[in-house]
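What follows is one structure encoded as structure tokens, with my remarks underneath.
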Amino acid sequence: MKPIELKNDIYWVGAIDWGVRDFHGYETPRGTTYNNYLILDDEPTLIDTVKYDFADITIKNITTLIDLSKIKHVVINHIENDHATSIDKIMALAPKATVYMTERARKGLDRFFDMSGWKVKIVKNGETLTIGKRTLLFLETPMLHWPDSMVTYAREDKVLFSQDAFGQHIASSARFDDEFVTCASMWELEDAVWDYYANILMPFGQLIKAKIGEIVKAGLEIEMIAPDHGIIWRKDPGKIIQMYLDMAGGKAALSVTIIYDTMWHSTEAMAQPIAKGVNDEGLDCKVIKLRATPQSVAAKEFWKSRGTLIGSPTLNNLTFPTLAQFLANMRGLRPKNRIVGAFGSFGWGGGAVKEIYEEAKRLGLAVFEPGLQVLYKPSLEDEAKCYEFGKAFAKKVREYHATI
Ligand code: FEO
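Position 169, counted from 1, in the sequence shown is what numbering that gives the first Met the number 0 calls 168; the numbers after and before it change by one each time, with no gaps.
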């Protein structure tokens with residue numbers, strides 16, 4: 000794909016990764032892009048690089064616009080490998096460029112590259128760089144989502160280069176939100192935002208709210224948000240900012256997700272009448288068989304719904320392994336403002352339901368107790384209990400939702 004002009008003399012020069020499905024263990028069924036940007040001003044400036052496998056692609060894109068040796072500045076907003084690991088190839092071709100990054104970025108990048116031959120300038124929150132007609136403002140965003148992170152604001156063009164924030168793992172030939180919505184849908188774009196937020200940014204809601212508050216307080220006008228992944232927001236950047244504020248504030252749909260796994264279909268047989276009970280109480284209910292679903296999709300659906308029921312058979316007195324993995328993942332993501340219940344089948348001692356509640360409480364989530372367990376296989380009487388359990392949970396979710 001060739002460079003795409005975002006604004007006068009500002010170009011996307013990144014790469015599309017149509018094939019990636021495993022992004023450090025996070026499943027990416029839609030692929031992704033590595034976005035970086037070239038500003039052609041008196042002092043040409045590159046914002047970010049791309050994942051090492053795609054270095055030749057961004058170099059080719061840049062070369063169609065300028066000889067790399069003419070690049071004066073390289074801004075590194077974030078040092079994670081998908082954005083910074085082609086910098087050595089870039090610097091080999093742009094040896095006179097100065098690299099701008101935070102002190103924490105320098106410390107981190109130093110572990111990956113020999114930077115002794117590079118000119119490096121450490122920037123602090125609020126510092127600016129004039130590159131000709133334009134001024135770039137650097138805003139540190141520590142822990143959004145790494146300690147090194149910052150964003151860069153092109154003041155005259157009102158463009159925010161936001162690194163991972165506001166991004167999505169979407170591979171598409173569309174570069175902008177209005178183009179993507181035409182060839183796909185707003186639902187798909189928003190779903191990808193939820194997916195990205197849930198799996199990468201969920202633990203940092205308070206920081207996100209505070210940083211957006213700072214940007215608003217500083218009076219920065221934003222006409223375009225150019226993230227390092229996926230679609231660029233130009234039609235209505237206020238929409239994605241509001242989405243972030245909502246998600247950071249714990250927004251969820253008044254709905255239920257059931258996430259379960261099963262050994263001999265008994266827990267699965269419980270999930271069906273439970274879902275019907277939820278539906279009959281007037282709430283939408285999505286049912287996810289975890290073994291057949293990427294963990295990252297389950298995390299997203301957990302985050303989208305106010306209430307989740309986790310169904311697990313007991314295996315060796317413990318939670319079934321796929322669900323144990325899911326709960327471990329959620330421990331790192333630190334969800335808030337959600338209510339959880341548990342159900343499952345057991346053969347003799349039991350243990351899974353108890354363990355799920357212990358984990359939910361450790362996470363600080365609201366819980367709906369007691370859970371529901373059946374011996375070996377649900378009888379007709381058990382199925383009726385499952386249906387009532389689903390109804391009761393839906394009622395509780397509705398009450399809880401009203402308190403958030
Ligand atoms: Fe897309 Fe935190 O890297």
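Where is the CB? At the ideal position from N, CA and C, for every residue including glycine. Note that the coordinates shown come from a computational prediction; the quantities given were computed from them, not determined experimentally.
| message | Which residues neighbour ligand 1 when neighbourhood means a C-beta less than 5 Å away from any of its non-hydrogen atoms? List them by chain order. | response | Counting only heavy atoms of ligand 1, the residues whose C-beta sits closer than 5 Å to one of them are, along the chain, Glu79, Asp81 and Asp163.
| C-beta atoms of Thr48 and Ile78 nearer than 7 Å | Not a contact, by the Cβ cut-off of 7 Å.
| message | For Ala96 and His72, which I take to be in contact (beta-carbon distance under 8 Å), what is that distance rounded to the nearest angstrom? | response | 6 Å
| request: Pick helix, strand or coil for Trp117, following the three-state DSSP scheme. | output: Here Trp117 sits in coil by DSSP.
| message | Are the CB atoms of Ala225 and Phe160 within a distance shorter than 7 Å? | response | yes
| task | Return the bridge partner residues of Gln372 from the DSSP annotation. | result | Gly343
| message | Starting from Ala183, trace the beta strand (DSSP E) in both directions and tell me its first and last residue. | response | Taken as a continuous stretch (DSSP letters only), Ala183 belongs to no beta strand (DSSP E), as it is neither H nor E.
| query | What separation, rounded to the nearest whole angstrom, lies between the Cα atoms of Lys69 and Arg105? | reply | 23 Å
| said: List, from N- to C-terminal side, the beta strand (DSSP E) runs of 3 residues or more that fit wholly inside the stretch 171 to 236. | reply: 223 to 225
| request: Using the Cα positions of Arg103 and Phe112, report the straight-line distance between them to the nearest angstrom. | output: 14 Å
| field | Nonlocal neighbours in the same chain, by C-beta distance under 8 Å from Glu155, ignoring five residues either side | value | Lys132, Arg133 and Thr134
| Integer-rounded CB distance, given that Leu45 should sit under 8 Å from Leu37 | 5 Å
| request: Measure the C-alpha to C-alpha separation of Gln294 and Met0 and round it to an integer number of angstroms. | output: 31 Å
| Taking the C-alpha atoms as reference points, what is the distance between Phe165 and Ala270? | Taking the straight line joining both Cα atoms gives about 35 Å.
| task | Find out if the Cβ-Cβ distance for the pair Asp177, Lys234 is shorter than 7 Å. | result | yes
| Among the residues of its own chain, which have a CB less than 7 Å from the CB of Tyr375, if the five just before and after it don't count? | Ser265, Ser344 and Gly346
| Beta carbon of Asn34 nearer than 7 Å to that of Thr151 | no
| Beta-carbon separation (whole angstroms), Tyr259 vs Ser311, contact threshold 8 Å | 7 Å
| said: If you follow the alpha helix (DSSP H) that Ser148 is in, where does it begin and where does it stop? | reply: That residue, Ser148, is in no alpha helix (DSSP H); it is neither H nor E in DSSP.
| task | Give the secondary structure of Thr57 by DSSP, where H, G and I count as helix, E and B as strand, and everything else as coil. | result | helix
| said: I need the boundaries of the alpha helix (DSSP H) containing His82, first residue and last residue. | reply: Asn80 to Ala83
| request: Consult DSSP for Asp41 and reduce its assignment to one of helix, strand or coil. | output: Asp41: coil per DSSP, three-state reduction.
| Would Ile230 be called buried (16 or more neighbouring beta carbons within 10 Å of its own) or exposed? | buried
| field | Spatial neighbours of Val373 in its chain, beta-carbon cut-off 6 Å, leaving aside the 5 residues before and after | value | The beta carbon of Val373 is closer than 6 Å to those of Ser344 and Asp381 in its chain, skipping five residues each way along the sequence.
| said: Judging by CA-CA distance, which residue of Ala83, Phe175 and Met185 is the nearest neighbour of Asp52? | reply: Ala83
| task | Tell me whether Ile121 is buried or exposed, calling it buried when 16 or more other Cβ atoms sit within 10 Å of its Cβ. | result | Exposed, since its Cβ has fewer than 16 Cβ neighbours within 10 Å.
| query | So, helix, strand or coil for Gly24, using DSSP? | reply | coil
| field | Residue range of the unbroken beta strand (DSSP E) whose run includes Lys6 | value | Per DSSP, Lys6 is one residue of the beta strand (DSSP E) stretching across Ile3 to Lys6.
| field | Straight-line gap, Ile355 to Ile169 (C-alpha atoms, nearest Å) | value | Their Cα atoms are separated by approximately 33 Å.
| query | Quick one: what's Leu136 bridged to in DSSP? | reply | Thr127 and Tyr152
| said: If contact is defined by three or more beta carbon pairs under 8 Å, each pair taking one atom from either stretch, is the stretch 195 to 208 in contact with the stretch 247 to 263? | reply: yes
| Nearest-angstrom Cβ-Cβ length linking Glu280 and Ala383, presumed shorter than 8 Å | That belief does not hold up - the Cβ atoms of Glu280 and Ala383 are roughly 15 Å apart, past 8 Å.
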